[in-house]
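Next up, the structure:
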């Protein structure tokens, strides 16, 4: 069964590679002067890449969910981790502000008006990164100290 699956996957990968190569060669065969043909060639490889991206995302999500539901202990750990990330996100949201975004001269940038939700979420993203970086740094130092004590 595993051997057959491996053969099928290899054939599938080869077909994808051949299609990608054909689309890539088609771009180089198109003259630089023919803008419409070049746009069509590039558009076809971009569309193909987009389909592959969606397929990869879908396969990843489906296989991850199957793996989680097969092992309930991992499901509990994953849900706990997602809950902790949610708490950190809420904490970061309350740390962020929605003040106006100013340029170097002190003028309000276009779309950077005070009180907009975009300003709030950008600030949340920044604070979220800072909070996760702090947590990661603490775990790094903890692991380093733990390693020094064992030695």
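Residue numbers (my numbering): 34 to 184. Idealized CB from N, CA, C, for every residue including glycine.
Does the beta-carbon distance from residue 53 to residue 81 come in below 8 Å? In the chain shown, counting from the first residue as 1, residue 53 sits at position 20. In the chain shown, counting from the first residue as 1, residue 81 sits at position 48. The answer is yes: Cβ separation under 8 Å.
Answer yes if the stretch 135-145 comes into contact with the stretch 155-173, meaning at least three C-beta pairs across the two stretches below 8 Å, and no otherwise. no
From this set, 100, 63, 66 and 153, which residue's C-alpha is nearest residue 127's C-alpha? The residue given as residue 127 occupies position 94 in the chain shown. It is 153 whose Cα lies nearest to the Cα of residue 127.
Going by DSSP, what residues sit across from residue 135 in a beta bridge? In the chain shown, counting from the first residue as 1, residue 135 sits at position 102. Paired residues: 141.
Helix, strand or coil, according to DSSP, for residue 111 in the structure here? For the purposes of this step, residue 111 is identified with residue 78 of the chain shown, where counting begins at 1. Reduced to three states, the DSSP call for residue 111 is helix.
Can you look up residue 76 in the DSSP assignment and give me helix, strand or coil? Counted from its first residue, the chain shown places residue 76 at position 43. Three-state result, residue 76: helix.
Which residue comes first and which comes last in the alpha helix (DSSP H) that contains residue 152? In the chain shown, the residue the question calls residue 152 occupies position 119. Unbroken alpha helix (DSSP H) run through residue 152: 150-183.
Around the C-beta of residue 50, are 16 or more other C-beta atoms found within 10 angstroms, so that it is buried, or is it exposed? Stepping through the chain shown from its first residue, residue 50 is reached at position 17. It counts as exposed.
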